[in-house]
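Trainee: Sequence order for the protein chains is V and P.
Quick note: to get my numbering, add 800 to the position in the first sequence (first position is 1).
Quick note: to get my numbering, add 9 to the position in the second sequence (first position is 1).
Virtual Cβ for every residue (Gly too), placed ideally from N, Cα, C.
Computed from a predicted structure; not experimentally measured.
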Amino acid sequence: ILGGRTSRPGRWPWQCSLQSDPSGHICGCVLIGRKWALTVAHCFEGRESADVWKVVSGINNLDHPSPFMQTRKVKNVIVHPRYNRAVVDYDISVVELDREVEETSYVRPVCLPHRGQLPKPDTYCYITGWGHMGNRMPFKLQEGEVRIISLDQCQSYFDMKTITSRMLCAGYESGTVDSCMGDSGGPLVCQEPGGRWSLYGLTSWGSVCFSKVLGPGVYSNVTHFVEWIERQIYLHTFQL
Amino acid sequence: CISTTCTHGCHGNTPCDSRTNGSNCSQCEPITLELCMNLPYNTTSFPNYLGHQTQKETSISWESSLFPALVQTNCYKYLMFFACTILVPKCDPESHQKVPPCRSLCRNSKERCESVLGIVGLQWPEDTDCTQFPEDGQGNTTCLLPDPDVDECSPSHFKCRSGRCVLSSKRCDGRMDCDDDSDEEHCGCKERGLWECPSNKACIKHTMICDGFPDCPDLADERNCTICDDNELACNNHECVHRTLWCDGRKHCSDSSDEWDCVSLSNGSSAALTVRRTASEYQVCADDWHPALSRLACGQMGLGVPTAAEMLLDEPSQPGRRRWLHVRPDWLQKNGSALQAMLEKRGHPCHSRTKVSLHCSKEDCGRRPAARMSKR
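Rendered as structure tokens:
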């Protein structure tokens, strides 16, 4: 996260880290159930086999395992069948864990939005991740507050890419607070009036985040995929 | 290839001999960079001439934004061709080595377009020193020159009648972007080789029609895709499956859509459990009902865990003949199956005349732990 701040442990209990040996943290992910997480499809390019991955949750400092940390192997990786790596469209994957996580105050799923429920432009939401900070990679989870930007306005920042309805933009024209390399798959969450937090976006792409070209970040639009996510969970839960 | 496994830039997980070095990794890979998909070659090799390690890195690079923007100034007809030769260099299929652009192509691009960049205070990309590229026809080395017929606009761009390239999304957007306004001419989907959604006139690719994913707001692109027999129903992917096979707990549509949405709760206050079977709705007879089945039903609907399960007497005053599903005697052996697989139709009605009613509560989500207080 660029322009963010270090997060208090347990503040974002749905944030998880998708890891693979020997590199360790590769991407962010988000717990949406005790046995299910979401991340983006591009994290699995060239490594679609579930065997090489594990999901670590309840962690704040990647360098210091905490007693609240829970690690699960990945049982299934379900990449969206329409994922297009050339234009980074339909950039979403459902991850099935080999067994349920134990729900604690440090490990807890986030809510999915209702079908058709999109965040309004100019509302403020939060992004989190262990991605690049512009000058270094952090050990501790970072958080940043970003503003939701309409698709039309977002398109004007990206001349060379088409912003589709499967995408959601958030951030600032000046790029002051933005996601960056290593944040991919992590959450963009907004607080609902009742106090709960819902997952509206997954960090997907943007300009090279510490280059001269700035602008908002582009996130996978989770609302667009809610039905698909629910069906994947159903199909992989029952022996049909 | 310094480690025993190739990195992403080395094309997936192909194992490399641990003695090889990075230079031996070179392989040809298909071009996926949207900007450069109309080149007279279709494979590339990385790293490119700007030092990017992968096509993904290239796609989000500063130069990938710069060149398409610069093309719109019409500064040089072959600028985009030159840009692509350095962004996704041609890969020689025999040697697997990069084929550079010719020095004259580089010089012409730089001479004609660098000054345009200067006007807006930007600099020509570093790492494009033209002397690194060979002169045309120099010895045995080969280099790339544009074919006079080369398309100067990438597939992401529309070519104005004047020759200028503008972003495809600006075509037919109601605003004039070409200097000759040609981007707003012939704006029907048909003229653009696309299909028009009837409700909002949006244009979609023909490959998106009847592919199982709705793209028009009213789902028009997924209608009338199949003609099934009277005794069949259409799956989400437009296959036809006999109606007696729907919601029987086994998959018959290849996308499993015959087993979707089989279990629901009625909207009434009673929240009666309703199960679809052979394309009709049934209520569930409470005889032999078990709490484990309540857990299964709530979980299957994505509604969490049961908070109450009631057995409601079926009101005879309500009109219509009741249709019942009964718990199968062998339901325990069907561990891991969906609820509809554990129910069956029988020749007799429900003995107790009570139906199952459920209340489920979703698992807690989206709550952060309360901030801990400490006395100061």
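Where Ala-8(P) and Ser-807(V) are concerned, what is the direct C-alpha to C-alpha distance, given to the nearest angstrom?
Mentor: This structure cannot speak to residue 8(P), because chain P is shown only from 10 to 385.
Trainee: Which residues share a DSSP beta bridge with Lys-99(P)?
Mentor: Thr-53(P), Val-108(P).
Trainee: Please name the residues in the segment 88-101 of chain P whose beta-carbon is closer than 7 Å to at least one beta-carbon of chain V, in chain order.
Mentor: Cβ contacts with chain V come from no residue of the segment 88-101 of chain P.
Trainee: Using beta carbons (cut-off 9 Å, strictly below), is Ala-841(V) in contact with chain P?
Mentor: Judged by the 9 Å Cβ criterion, Ala-841(V) is not in contact with chain P.
Trainee: Does the Cβ of His-864(V) have 16 or more other Cβ atoms within 10 Å, making it buried, or fewer, making it exposed?
Mentor: His-864(V) should be labelled exposed.
Trainee: Taking the CB atoms as reference points, tell me whether Trp-255(P) and Val-365(P) lie closer together than 9 Å.
Mentor: No, the Cβ-Cβ distance between Trp-255(P) and Val-365(P) is not below 9 Å.
Trainee: From this set, Arg-811(V), Val-894(V), His-842(V), Thr-976(V), which residue's C-alpha is nearest Val-1026(V)'s C-alpha?
Mentor: Of the listed residues, the one whose Cα sits closest to Val-1026(V) is Val-894(V).
Trainee: So what's Ser-278(P) in DSSP terms, helix, strand or just coil?
Mentor: In this prediction, Ser-278(P) scores a pLDDT of 48, lower than 50, which makes its location untrustworthy; the coordinate-derived value is nonetheless stated afterwards. Ser-278(P) falls in the coil class under three-state DSSP.
Trainee: Taking the CB atoms as reference points, tell me whether Asp-889(V) and Arg-899(V) lie closer together than 9 Å.
Mentor: The answer is no: Cβ separation not under 9 Å.
Trainee: From Gln-819(V), Phe-844(V), Gly-994(V), Cys-827(V), pick the residue whose C-alpha is nearest to that of Lys-873(V); which is it?
Mentor: The candidate whose alpha carbon is nearest that of Lys-873(V) is Gln-819(V).
Trainee: Buried or exposed, going by whether 16 or more other CB atoms sit within 10 Å of the CB of Gln-342(P)?
Mentor: That one is exposed.
Trainee: Counting only runs that start and end within the segment 188-251 of chain P, where is the alpha helix (DSSP H) found for 4 or more residues in a row?
Mentor: Listed in chain order, there is nothing to give.
Trainee: Around the C-beta of Glu-135(P), are 16 or more other C-beta atoms found within 10 angstroms, so that it is buried, or is it exposed?
Mentor: Counting Cβ neighbours within 10 Å, Glu-135(P) comes out exposed, since fewer than 16 surround it.
Trainee: Is the beta carbon of Pro-987(V) within less than 8 Å of some heavy atom of the ligand MG?
Mentor: Although the ligand MG was asked about, the structure shown includes no ligands whatsoever.
Trainee: Would Asp-373(P) be called buried (16 or more neighbouring beta carbons within 10 Å of its own) or exposed?
Mentor: Exposed, since its Cβ has fewer than 16 Cβ neighbours within 10 Å.
Trainee: Can the beta-carbon of Pro-226(P) be found less than 9 Å from the beta-carbon of Ser-208(P)?
Mentor: For Pro-226(P) and Ser-208(P), yes; Cβs fall inside 9 Å.
Trainee: So, for Asp-891(V): in the same chain, excluding its five sequence neighbours on each side, which residues have a beta-carbon less than 7 Å away from its beta-carbon?
Mentor: The residues are Val-840, Ala-841, His-842, Tyr-883, Ser-1004, Ser-1020.
Trainee: In chain P, what lies closer than 7 Å to Leu-1035(V) by C-beta?
Mentor: Chain P residues near Leu-1035(V): Ser-265.
Trainee: Is Lys-873(V) helix, strand or coil by DSSP?
Mentor: In this structure, Lys-873(V) counts as strand in the three-state DSSP scheme.
Trainee: Note down, in chain order, every chain V residue with its Cβ under 7 Å from the Cβ of Thr-41(P).
Mentor: Ordered by position in chain V, the residues that pass the 7 Å Cβ test against Thr-41(P) are Arg-885, Ala-886.
Trainee: With burial defined as no fewer than 16 other Cβ atoms inside 10 Å of the residue's Cβ, what is the status of Tyr-924(V): buried or exposed?
Mentor: Counting Cβ neighbours within 10 Å, Tyr-924(V) comes out exposed, since fewer than 16 surround it.
Trainee: Under the rule that 16 or more other beta-carbon atoms within 10 Å means buried, what is Asn-57(P), buried or exposed?
Mentor: Label assigned to Asn-57(P): buried.
Trainee: What are the partner residues of Val-314(P), as DSSP defines its beta bridges?
Mentor: Answer is Ser-370(P), bridged to Val-314(P).
Trainee: In whole angstroms, give me the CA-to-CA distance for Ile-927(V) and Leu-302(P).
Mentor: Each residue's Cα considered, the two are about 39 Å apart.
Trainee: Just to make sure I have the definition right: I need the residues of chain V whose C-beta is within less than 7 Å of the C-beta of Ala-347(P). Which are they?
Mentor: Neighbours of Ala-347(P) on chain V, chain order: Phe-1038, Leu-1040.
Trainee: Using DSSP with H/G/I as helix, E/B as strand and the rest coil, what is His-299(P)?
Mentor: Coil.
Trainee: Could you check which residue in Val-877(V), Arg-805(V), Pro-813(V), Leu-802(V) has the C-alpha nearest to that of Arg-996(V)?
Mentor: Per the Cα distances, Pro-813(V).
Trainee: How about Gln-309(P): is its C-beta nearer than 9 Å to some C-beta of chain V?
Mentor: So yes, Gln-309(P) belongs to the interface.
Trainee: Give a yes or no on whether 9 Å exceeds the smallest Cβ distance from Ile-859(V) to chain P.
Mentor: By this cut-off, Ile-859(V) is not an interface position.
Trainee: Ser-956(V) lies in the beta strand (DSSP E); which residues open and close that run?
Mentor: Taken as a continuous stretch (DSSP letters only), Ser-956(V) belongs to no beta strand (DSSP E), being part of the alpha helix (DSSP H) at 951-957.
Trainee: Which word fits Glu-7(P), buried or exposed, when buried means at least 16 other C-beta atoms lie within 10 angstroms of its C-beta?
Mentor: Because residue 7(P) is not part of the residues shown, which for chain P are 10 to 385, the question remains open.
Trainee: Using a cut-off of 8 Å between C-beta atoms, extract the partners of Arg-882(V) located in chain P.
Mentor: Neighbours of Arg-882(V) on chain P, chain order: Phe-222.
Trainee: Looking only at its chain, what residues have a beta carbon closer than 8 Å to the beta carbon of Glu-845(V), apart from the 5 residues adjacent to it on each side?
Mentor: Once the five neighbours on either side are set aside, the close Cβ partners of Glu-845(V) are Arg-885.
Trainee: The alpha helix (DSSP H) that contains Ser-74(P), what's its start and end?
Mentor: Its alpha helix (DSSP H) spans residues 71-80.
Trainee: At a CB-CB cut-off below 7 Å, which residues of chain P make contact with Cys-980(V)?
Mentor: Those within 7 Å of Cys-980(V) in chain P number zero; the least Cβ separation is about 11 Å.
Trainee: At least one CB of chain V closer than 9 Å to the CB of Glu-268(P): is that the case?
Mentor: Judged by the 9 Å Cβ criterion, Glu-268(P) is in contact with chain V.
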